[in-house]
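First comes the structure, then the notes that go with it.
Residue numbers (our numbering), protein chains in the order written: chain A, 4 to 357; chain B, 4 to 357.
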């Protein structure tokens with residue numbers, strides 16, 4: 004199969020464009036490997052990075068000078084502009100000038116839901132958002148390596164949950180240890196992470212950030228960890244009983260675990276996402292997807308939701324996560340799998356037991 | 004003085020527009036009080052929030068349905084669109100339809116460096132980025148309350164540094180305790196934070212994320228913490244000697260502390276930012292600003308940099324942060340102050356001692 008740069012250019016050609024201009028940070032990471040900082044919101048020093056991929060030419064990454072060092076080993080041509088400093092700040096103006104020169108009158112296939120209006124004014128462009136989203140679903144070998152590395156971060160976090168839960172500790176205290184374990188795995192901060200950490204019973208919610216609510220005997224703790232590492236996301240979920248599990252919790256856990264196994268057994272090339280969803284969801288009524296692709300975003304193609312038409316292909320990576328909730332208890336379990344020519348490989352290594 | 008909504012509308016009128024359309028998340032927070040989630044990057048479920056402020060009409064906040072509950076108490080009219088779900092996702096399409104109806108042919112004063120091209124296509128707009136940036140510099144009383152609350156988070160983090168530093172601990176281990184202390188102050192995750200945590204000597208860098216480098220006797224630890232709380236940022240910096248401080252460290256610390264005091268003494272209405280910078284920087288050569296405004300971003304007007312023309316006004320809030328670096332040692336100290344009619348009030352309460 005064509006690699007992702009070839010697929011992106013094919014998408015551009017189908018749309019009558021001469022180049023791809025990636026504007027969504029996730030698409031920039033996908034095409035260049037550059038991990039854009041996002042966790043503090045928009046930067047006063049820099050515009051979000053952009054990537055230009057022309058037919059026949061080298062990929063070009065547009066970043067502030069501050070990011071040049073981190074970007075040198077990516078194999079892209081770098082175009083930089085002044086970043087952090089004590090003079091006047093005009094990152095958007097800098098990028099506009101650079102971009103006009105680089106595009107040089109070509110029609111670009113871009114993401115106008117991410118490209119700012121001020122950069123689009125003099126640009127001839129077509130909307131390639133949907134095509135690029137589909138092209139991102141199948142992962143190249145180097146991307147699989149990055150996802151595996153991100154999954155190891157989630158594994159480390161999930162391991163830490165089991166080591167540190169006990170009655171009396173708050174969700175926030177557990178979260179602090181979980182994040183520290185993920186940061187130890189990475190050797191640096193894990194600032195870009197989506198995490199649910201909620202304990203039952205008595206809660207309506209099956210997701211949400213940690214609070215100062217304390218764990219107690221008989222509670223179920225749902226920990227859903229999606230960390231990003233080197234631009235690629237993992238995802239994971241466990242449900243742990245604090246102390247002895249109730250009979251109803253054991254029963255719910257067995258059902259959900261069975262559904263996750265059913266999902267993994269069913270994954271193979273050609274299976275339609277909506278059919279996989281129906282198989283996993285049968286008779287249950289969890290109010291969320293049965294799974295979703297992961298890559299440079301935490302939710303992308305293939306979406307495992309009712310009626311979804313995407314057919315699985317080798318190289319697609321999904322987090323599968325059936326759940327069961329009711330009467331103040333809840334169970335959700337999630338592992339990451341990659342579609343192989345024969346079926347699937349499980350990338351996650353974390354313990355799913357109750 | 005006119006409140007921020009009146010100032011924003013004045014800016015729009017000066018530019019010939021009938022309404023303000025805030026597109027930068029920071030400007031949306033400023034006009035509505037809504038704290039947009041940013042730390043995980045773009046959401047698959049929602050566009051970043053937008054705010055429309057028409058002449059004479061109520062403020063309107065455009066968010067996904069998931070955010071409606073958090074936004075109900077803000078005193079804005081809410082316009083929502085479908086968010087998280089298991090059906091087709093089209094947040095940008097939803098927002099485009101909503102926005103067209105709301106704007107209803109008016110010319111809007113907006114931020115085209117933040118507004119996506121796809122939303123600007125059928126919009127009559129003028130660029131108000133610079134005017135809105137200036138209007139944000141003076142804080143209303145409710146904003147000062149939020150900044151004070153954010154400063155308490157930074158204070159808690161700085162207190163934790165002093166309590167947990169000791170030889171043998173790594174920067175990352177200290178960081179985990181610091182963040183846990185900030186999260187205890189907030190009662191929830193502090194996911195939007197800019198933090199430097201670096202120890203010397205031997206390091207060229209005076210900023211950067213924590214690593215697995217271990218603290219040792221004689222090291223200096225620079226901890227720069229800028230957490231966001233309820234949409235508003237604080238900032239803070241301390242420099243702590245691990246064990247007995249060297250003579251050179253004590254000397255550098257005394258110089259920097261003197262410069263911070265000089266800065267605070269000099270702050271009053273009418274002082275020009277560039278003059279304040281010159282006063283603080285005199286004879287030192289730190290490669291960064293002497294200070295900067297904070298609010299719904301972590302670096303905004305007034306910027307305390309060489310030659311900057313902004314004259315201070317009551318209600319402006321600044322983080323002042325002189326530094327001194329050399330020979331593998333570095334000291335930086337930072338407190339937040341608000342300009343008052345007579346001079347300034349210090350909002351920070353953290354210990355500045357070495």
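A virtual CB, placed ideally from N, CA and C, is assigned to each residue, including glycine.
For a contact meaning CB atoms closer than 8 angstroms, what does residue i contact in chain B?
i	result
residue 275(A)	By Cβ distance, chain B contributes nothing, its closest Cβ being about 15 angstroms from residue 275(A), past 8 angstroms.
residue 402(A)	Look at the range of chain A in this structure, 4 to 357, and you will see that residue 402(A) is not part of it.
residue 23(A)	Going along chain B, no residue has its Cβ under 8 angstroms from residue 23(A), so there is no contact; the nearest lies around 16 angstroms.
List, in chain order, every chain B residue whose beta-carbon is nearer than 7 angstroms to that of residue i.
i	result
residue 300(A)	47
residue 291(A)	89
Should residue i and residue j be called a contact, given that it needs their Cβ atoms to be closer than 9 angstroms?
i	j	result
residue 182(A)	residue 160(A)	yes
residue 163(B)	residue 174(B)	no
residue 312(B)	residue 343(B)	no
residue 336(A)	residue 222(A)	no
residue 250(B)	residue 36(B)	no
residue 178(B)	residue 186(A)	yes
residue 351(B)	residue 157(B)	yes
residue 53(A)	residue 98(A)	yes
residue 327(B)	residue 263(B)	no
residue 339(B)	residue 195(B)	no
residue 117(A)	residue 51(A)	yes
residue 12(B)	residue 56(B)	yes
residue 39(B)	residue 44(A)	yes
residue 65(B)	residue 105(B)	yes
residue 165(B)	residue 225(B)	no
residue 314(A)	residue 294(A)	no
residue 14(A)	residue 123(A)	no
residue 258(A)	residue 168(A)	no
residue 270(A)	residue 298(A)	no
residue 107(A)	residue 86(A)	no
residue 95(B)	residue 119(B)	yes
residue 193(B)	residue 231(B)	yes
residue 142(B)	residue 349(B)	no
Straight-line CA distance for residue i to residue j?
i	j	result
residue 75(B)	residue 63(B)	11 angstroms
residue 81(B)	residue 329(B)	53 angstroms
residue 253(A)	residue 241(B)	50 angstroms
residue 171(B)	residue 220(B)	9 angstroms
residue 128(B)	residue 59(B)	19 angstroms
residue 239(B)	residue 47(A)	18 angstroms
residue 245(A)	residue 203(A)	10 angstroms
residue 260(A)	residue 88(B)	23 angstroms
residue 284(B)	residue 325(B)	7 angstroms
residue 188(B)	residue 135(A)	42 angstroms
residue 184(B)	residue 303(B)	27 angstroms
residue 228(A)	residue 125(A)	42 angstroms
residue 2(A)	residue 218(B)	Nothing about residue 2(A) can be read from this structure; chain A reaches only from 4 to 357.
residue 3(B)	residue 25(B)	Summary: the structure shown does not reach residue 3(B), with chain B confined to residues 4 through 357, and so no result is reported for it.
residue 6(A)	residue 354(B)	55 angstroms
residue 247(B)	residue 301(A)	47 angstroms
Run through chain A and tell me which residues come within less than 8 angstroms of residue i, C-beta to C-beta.
i	result
residue 312(B)	The premise fails here: residue 312(B) is roughly 11 angstroms from chain A at the closest Cβ pair, so nothing lies under 8 angstroms.
residue 29(B)	44 and 45
residue 353(B)	Neighbours of residue 353(B) on chain A: none; closest Cβ ~21 angstroms, over 8 angstroms.
residue 178(B)	186 and 192
Report the neighbours of residue i on chain B: residues whose CB is nearer than 9 angstroms to its CB, in chain order.
i	result
residue 309(A)	89 and 90
residue 41(A)	41, 42, 43, 44 and 45
Give the interface partners of residue i over in chain A, defined as CB-CB distance under 9 angstroms, in chain order.
i	result
residue 341(B)	Those do not exist, as residue 341(B) stays about 20 angstroms from chain A at its closest Cβ, beyond 9 angstroms.
Using a Cβ cut-off of 7 angstroms, pull out every chain A residue sitting near residue i, in sequence order please.
i	result
residue 8(B)	The premise fails here: residue 8(B) is roughly 22 angstroms from chain A at the closest Cβ pair, so nothing lies under 7 angstroms.
I want to see whether chain E comes within less than 9 angstroms of residue i, judged by CB atoms only; does it?
i	result
residue 303(A)	The structure shown contains no chain E; its protein chains are A and B.
Inset, instruction - Could you say if the stretch 271-289 of chain A and the stretch 305-317 of chain A meet the contact criterion of at least three C-beta pairs nearer than 8 angstroms? - result: yes
Legend entry - Stretch pair the stretch 105-116 of chain B + the stretch 19-29 of chain B: three plus CB contacts closer than 8 angstroms: yes
Inset, instruction - Quick one: which residues of the stretch 113-141 of chain A get their C-beta closer than 9 angstroms to a C-beta of chain B? List them in chain order. - result: 113, 114, 115, 116, 117, 118, 119, 120, 121, 122, 123, 124, 126, 128, 130 and 132
Inset, instruction - Would you be able to state if there are at least three C-beta pairs under 8 angstroms between the stretch 146-156 of chain B and the stretch 227-247 of chain B? - result: yes
Inset, instruction - Taking a Cβ distance cut-off of 8 angstroms, strictly less, list which residues of the stretch 183-211 of chain A are near chain B, in chain order. - result: 183, 186, 187, 190, 191, 192, 194, 195, 196, 197 and 198
Inset, instruction - Could you say if the stretch 205-214 of chain A and the stretch 209-218 of chain B meet the contact criterion of at least three C-beta pairs nearer than 8 angstroms? - result: no
Legend entry - Positions along the stretch 93-115 of chain A whose CB lies within less than 7 angstroms of some CB in chain B: 95 and 115
Legend entry - Against chain A: residues of the stretch 155-177 of chain B by CB proximity under 7 angstroms: 175
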